[in-house]
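What follows is one structure encoded as C-alpha cells, with my remarks underneath.
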Amino acid sequence: MQHDDLNALNAALEAGAGMLVVDEAHHLSHQGSTTREHLYAMLQEHARTTPRLLLLSATPVLGDEAGFLRVLHLLDPVVFPLDDVEGLRQRIASRQVIAEVVAMLSPENQWSLAPELDRLEEVYGDDALLMEKVNALRAVLETFPEEDDEAFIASLADLRVHLVETYRLHRRLLRNRRATVSWATPRRNGLKAVSMRSQGAQRWSELLEQLRLHLNADAALPDDVAAILLSAAVHPRNAAPLHGLLHAAGVHDAQSLALAQELDAAGERLRADPERFKVLVTLVQGLLQTVGVQVVVFCDQCTDAKQAAHALEQALPGQVARHEPELPPSDQDEDIAPPAWRQFLSAPGQIRVLVCDARAEEGVNLHGGKKLAVHFDLPLAPNRIEQRLGRLDRYGTGDPIGSYVLVDEGLPDEVAWLQVLDTGWRVFNRSVASLQYLIESTARLLAQEWMDQGTQALSDHAQQLAGDEGLVQRELRNISIQDALDAQGAVPETALEALEECEADWQSWRDVFKRFAVDMLSFEQTGLASGGVQPTDPVFRIAYVHGDRGRPTLITLPEYLRVFLQSVDRTHSTSRAPMTHLYAFRRQNTVTRAALAQQVYPLRVGDSLVTALERLCERDDRGRAFAMWRVDRQYVASNACGADLYFRFDFVVRPRLSGVELGEEIDAHAFARKAHVLMSPVALRVWIDGTGAIVHEPPTLLTARYSDAWVGTRRDFNLNPQRWRQLPSEVQSAWMRDWPTLCAQCRGNAESAVLASAEYRDHIGKALKACTEERRMRRAQAASRLARLDGAARERERQEMARDEGLYAALQASLSEPLLLLDVVGAVFVADDTPFDS
Numbered sequence: 147m148q149h150d151d152l153n154a155l156n157a158a159l160e161a162g163a164g165m166l167v168v169d170e171a172h173h174l175s176h177q178g179s180t181t182r183e184h185l186y187a188m189l190q191e192h193a194r195t196t197p198r199l200l201l202l203s204a205t206p207v208l209g210d211e212a213g214f215l216r217v218l219h220l221l222d223p224v225v226f227p228l229d230d231v232e233g234l235r236q237r238i239a240s241r242q243v244i245a246e247v248v249a250m251l252s253p254e255n256q257w258s259l260a261p262e263l264d265r266l267e268e269v270y271g272d273d274a275l276l277m278e279k280v281n282a283l284r285a286v287l288e289t290f291p292e293e294d295d296e297a298f299i300a301s302l303a304d305l306r307v308h309l310v311e312t313y314r315l316h317r318r319l320l321r322n323r324r325a326t327v328s329w330a331t332p333r334r335n336g337l338k339a340v341s342m343r344s345q346g347a348q349r350w351s352e353l354l355e356q357l358r359l360h361l362n363a364d365a366a367l368p369d370d371v372a373a374i375l376l377s378a379a380v381h382p383r384n385a386a387p388l389h390g391l392l393h394a395a396g397v398h399d400a401q402s403l404a405l406a407q408e409l410d411a412a413g414e415r416l417r418a419d420p421e422r423f424k425v426l427v428t429l430v431q432g433l434l435q436t437v438g439v440q441v442v443v444f445c446d447q448c449t450d451a452k453q454a455a456h457a458l459e460q461a462l463p464g465q466v467a468r469h470e471p472e473l474p475p476s477d478q479d480e481d482i483a484p485p486a487w488r489q490f491l492s493a494p495g496q497i498r499v500l501v502c503d504a505r506a507e508e509g510v511n512l513h514g515g516k517k518l519a520v521h522f523d524l525p526l527a528p529n530r531i532e533q534r535l536g537r538l539d540r541y542g543t544g545d546p547i548g549s550y551v552l553v554d555e556g557l558p559d560e561v562a563w564l565q566v567l568d569t570g571w572r573v574f575n576r577s578v579a580s581l582q583y584l585i586e587s588t589a590r591l592l593a594q595e596w597m598d599q600g601t602q603a604l605s606d607h608a609q610q611l612a613g614d615e616g617l618v619q620r621e622l623r624n625i626s627i628q629d630a631l632d633a634q635g636a637v638p639e640t641a642l643e644a645l646e647e648c649e650a651d652w653q654s655w656r657d658v659f660k661r662f663a664v665d666m667l668s669f670e671q672t673g674l675a676s677g678g679v680q681p682t683d684p685v686f687r688i689a690y691v692h693g694d695r696g697r698p699t700l701i702t703l704p705e706y707l708r709v710f711l712q713s714v715d716r717t718h719s720t721s722r723a724p725m726t727h728l729y730a731f732r733r734q735n736t737v738t739r740a741a742l743a744q745q746v747y748p749l750r751v752g753d754s755l756v757t758a759l760e761r762l763c764e765r766d767d768r769g770r771a772f773a774m775w776r777v778d779r780q781y782v783a784s785n786a787c788g789a790d791l792y793f794r795f796d797f798v799v800r801p802r803l804s805g806v807e808l809g810e811e812i813d814a815h816a817f818a819r820k821a822h823v824l825m826s827p828v829a830l831r832v833w834i835d836g837t838g839a840i841v842h843e844p845p846t847l848l849t850a851r852y853s854d855a856w857v858g859t860r861r862d863f864n865l866n867p868q869r870w871r872q873l874p875s876e877v878q879s880a881w882m883r884d885w886p887t888l889c890a891q892c893r894g895n896a897e898s899a900v901l902a903s904a905e906y907r908d909h910i911g912k913a914l915k916a917c918t919e920e921r922r923m924r925r926a927q928a929a930s931r932l933a934r935l936d937g938a939a940r941e942r943e944r945q946e947m948a949r950d951e952g953l954y955a956a957l958q959a960s961l962s963e964p965l966l967l968l969d970v971v972g973a974v975f976v977a978d979d980t981p982f983d984s
C-alpha cells in the first residue's frame, strides 16, 4: 500500500488489521510535508492497538537521533517520548564504549580483557551492578582459565548480557545487516569501466572550468551554486539548463550567465553526439554472448533511455524492452494486460535487455538469474547507484551482480566521480545503505571543496573515503559496534550447519513425500513443461484422481475437500479434478524471479498441503495400525505353533500443551510455538515379542521393508480381514485367545520401556536445560533493564517480567511431562511358510 494513500491505509487499519508492516520506516523521520505528518499521526494512533507491529529500516542509529526517535516512539511511546531527543542522544553516545567492550568479550580475547574492564570501571564506576559483574570476571581471569573453562564462559556471558540489555535501545529492536546474512542475497561483483570519448567533451570541460573559476571569485556566492555546478560536472547529460538554474539560485552576474549560456549550448552538442550510444550497443552485444545473461541498462534521463532502447532494438531486434512505470489498477481496467517490459522477467530467454530511466530506481524487483547492470551515466548521488543495484541484488537466488559503466575520458570530473563511487564508497562491491548519513554529510563539504579546487577535490575525496582508516571503514566500524548491541543473539554455528544440512537434503524429503502421497495414497504429481526453475526439481501440482482416470486416490472426494481445501488452487481446478498450488521441493528454486511470478511455493512442513496430510493421518488409521505375515524359508520359529509374534510400537514425544495453566497475558499460540521450539518432536520405536519382552536389537528380518513379492527366501502378506480369519488354528490358539489383553499388555510394556530409555530422558533433559538457560537469560536481561528504568517505563518492564515468568513456568511444566503419543502400531507374524495361496 502506498504511503501517500492515506484514505485506503486508514480504512484498512480501522477495519482491524492484525499486522502493520512499515517498510523504509526511516522516512517517517522526515518532517515538513502535510502528508507525512498526517501519516505519522495515523500510525501513532494505530500502532498502539494493532496486535503486531513491524518497522523495517536499514538506517543506522548514528547520524539523525531526532529522526530515529520518531521511529522508536512508534515502537514504545512510553520509553521513547518525542520530547526526549537529548536523552536518546546521550544514551547513544554512552553506548560507544560499551559496544567496543562487548565486541571484545569472547574467550579467545582473555589476555586483552583486563584493559577493557579498566575502561568500564573508569567510565561506569558508579554502576554498582556492573562493577559487581566486572569484579566477578576479574576474579576468574586471575586464575588464568582455559578458553573452555565453564566459570570463565559463564562470567563472560553474565557481563555481556548485562551490558547489552542495559544499553540496548529496546528489547524489540533487532539489527541484522547484509554482511551477517551474506547467503540471502547475491553479492556485488565489482565494476568494469568502459572508456569512450565524445566530440565536444573537451570544449564543454574547458567552459565549465572557466565558469567555476569566475564564480569562485565571488565572495557572496549563494550556497546552492556549488552543488549545481558539481552535479553538472560529474553528470553533464542532465539536461537542465545551467543558465536557468544559476539565475534561480541568485546568480545575476552578466559574465557568469553568459558563460552558463555558452556552456548549455556546448552541453547540447555533447549530448547530441551518438558515440555514447554506439559504445553502449557494442558493450551489450558483447555481454549477451554469454548464455543466459540478461542486461539492465540504467539511464538518468527519459530521453536518453528512449534513445538507448531504440539503438539497442535496432541492433538486437525482439530482445529489448523499455521499462515504463505501471499505472495503479482501477475498477474500470481490471483486465488490463501486464506491461510489455515484464517479459524481461517472465520470458528471460526472449527479452534479454531492459532499458530503465530514473523512475525504475525504486519499487521494481529484477533479481534472479544472471543479471548485469550497465550504467549509461552516473548521477551525483551514491544512494541512487545503490538504488539501481538494489533492483538486482534483492533477497533470493542469482549470480553475482557485475556493473559496467560508460565513462567519457574527455570529462575529467566524470572520471574522478567514478573513482569516488568505486574506490571510495565501493558501491559496486557492497551495499552502502547504512552509510546514508555519512553520504549526506560529506556531500555538502564536497561541493564546496570542488568549487575551490576543481577535479582534484574529487580525487582527494576518494582517497579520504578509501582504505582501512578511511572515512567509510571508520563509519562502518562504528555502525557495526552500535548495531551489535541491538543485534539478534548469536545463533550457534552448529545450529546453522544443521539447518543448512537439512535444507540441502531436499531430495530425501522429496522421496519420502512421493512415497507416501503419490505411491501410497495415489495422488497424481503433474509436472509442467516449463516452470522457470532448475530441471532437477521441476514445478508440479498434486492432483486428486477419480476412478475414471486410472488408479483412484485412496480418499473420497468429500473427505478430500473437507481436509485439503486450503491447498486447492481454485483457478486451475475443476469439480472433478481439484489440484493444488504450484510447488517445488528445493527452496532456492521457489525464490527465482520466474518462480515468484508463477507463485511457486516451497513444499515444506507448515504448508497447507503437508498440514492436510498430517490431519488425514490423525483421522485415518490406515497404515497406523497394521498386521502382516512375514515368510522366510530359512527362519526357525521358537513357538510350537510354527509362527513367532512381534509387536512394533512407534511413539512420538511432544510437549504437553493441554492441562497447563496459562495466565491471561500469555497467548496460547505463542506458548505452543515456544514449546515446540524448545522440544522438537522425536519418534521412538520399540519392538516387543509375543511374551511381552523387549527386543532391544531387532534383527534385519523384522526391520526389512515390506515386500509383497518374493525377495530371495522372503515374502510378506498383509493380514486383511479375510486373511486374518484364515490364520491356522495353531497360531490362533497360541497368540489370539485373548488378543485385546495381549495388545494392551505389550503396549504398556512398550510405554514403560520408552519412559525408562536414555533417549527419552535425554530429550526431556535437553529441552528443560534450554528452557532454564533461556529463563535465566531473560531474568538477567530484565534485571539489567530495571536497574536503569524508572516511572512508567519501569512499571512496563515489571509487567513484562511477570508475564515472562508465567510463560517459562508453564513451559517448564509442559516439557517436564511431555505427551507420549502412540503413532503407529503393528503386529508381525514370522514363519518359514505361508498359510495363504500365493
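Per this note's numbering, the sequence shown starts with residue 147, numbered consecutively.
Beta carbons are placed, not taken as given, at the ideal position from N, Cα and C, and that holds for glycine.
Sheet register partners of residue i (DSSP bridge)
i, result
"Trp833", "Arg794, Val841"
"Cys502", "Phe444"
"Ser341", "Val553"
"Ala467", "Leu500"
"Pro748", "Ala730"
"Val141", "For residue 141 there is no data in the structure shown, the boundaries of the chain being 147 and 984."
Residue of the options minimising C-alpha distance to residue i
i, options, result
"Pro494", "Lys915, Leu830, Val442, Arg534", "Val442"
"Leu315", "Leu357, Ser879, Ser240", "Ser240"
"Leu189", "Asp222, Gln236, Glu764", "Asp222"
"Leu848", "Val974, Arg182, Ala454", "Val974"
"Ser203", "Val168, Glu232, Thr720, Arg216", "Val168"
"Arg687", "Gly693, Arg695, Met666, Ala723", "Ala723"
"Arg768", "Ile701, His692, Leu564", "Ile701"
"Asp813", "Tyr186, Gln148, Pro197", "Pro197"
"Val751", "Ala212, Arg623, Cys648", "Cys648"
"Leu961", "Arg802, Gly396, Phe574, His389", "Arg802"
"Glu811", "Trp885, Cys889, Asp950, Val737", "Asp950"
Run of the beta strand (DSSP E) containing residue i, from where it starts to where it stops
i, result
"Gly548", "547-554"
"Gly972", "965-977"
"His521", "516-521"
"Thr672", "670-673"
"Ala890", "Per DSSP, Ala890 belongs to no beta strand (DSSP E); it is in the alpha helix (DSSP H), 885-902."
"Phe686", "686-689"
Cα-Cα separation between residue i and residue j, rounded to whole angstroms
i, j, result
"Tyr313", "Asp399", "56 Å"
"Arg883", "Glu876", "11 Å"
"Leu567", "Leu353", "25 Å"
"Ala956", "Val520", "58 Å"
"Glu267", "Leu584", "32 Å"
"Val561", "Met947", "59 Å"
"Val654", "Thr726", "Looking at the sequence provided, one finds Ser at residue 654 rather than Val. Roughly 21 Å separates the two Cα atoms."
"Tyr747", "Gln734", "11 Å"
"Val637", "Ser754", "Confidence is the limiting factor: at Val637 the pLDDT is only 49, short of 50, which leaves the residue's position unreliable, though a coordinate-based value still follows. Going by the C-alpha atoms only, they are around 29 Å apart."
"Asp150", "Arg907", "57 Å"
"Leu429", "His469", "20 Å"
Run of the alpha helix (DSSP H) containing residue i, from where it starts to where it stops
i, result
"Met774", "From DSSP, Met774 is part of no alpha helix (DSSP H) but of the beta strand (DSSP E) over 771-778."
"Arg819", "814-824"
"Gln653", "652-659"
"Arg869", "867-871"
"Ala939", "937-962"
"Val371", "370-380"
"Leu592", "582-599"
Check: residue i C-beta below 7 Å from any heavy atom of the ligand COA
i, result
"His389", "This structure lacks the ligand COA, and indeed carries no ligand of any kind."
On the three-pair Cβ rule with 8 Å, is the stretch 815-827 touching the stretch 941-948? By the Cβ rule, the stretch 815-827 does not count as touching the stretch 941-948, because fewer than three pairs are nearer than 8 Å.
Count the CB pairs spanning the stretch 410-425 and the stretch 585-596 that are closer than 8 Å, and state whether there are at least three. Verdict: no, contact absent.
Measuring CB atoms only, is the stretch 963-981 touching the stretch 788-802, in the sense that at least three cross pairs come out at less than 8 Å? Flag = yes, the stretch 963-981 and the stretch 788-802 touch.
Segment contact, 8 Å Cβ cut-off, at least three pairs: the stretch 245-262 with the stretch 215-233: Segments in contact, no.
Counting pairs of beta carbons, one from the stretch 341-352 and one from the stretch 550-560, are three or more of them closer than 8 Å? Three or more beta-carbon pairs separated by less than 8 Å link the stretch 341-352 to the stretch 550-560, which places the two stretches in contact.
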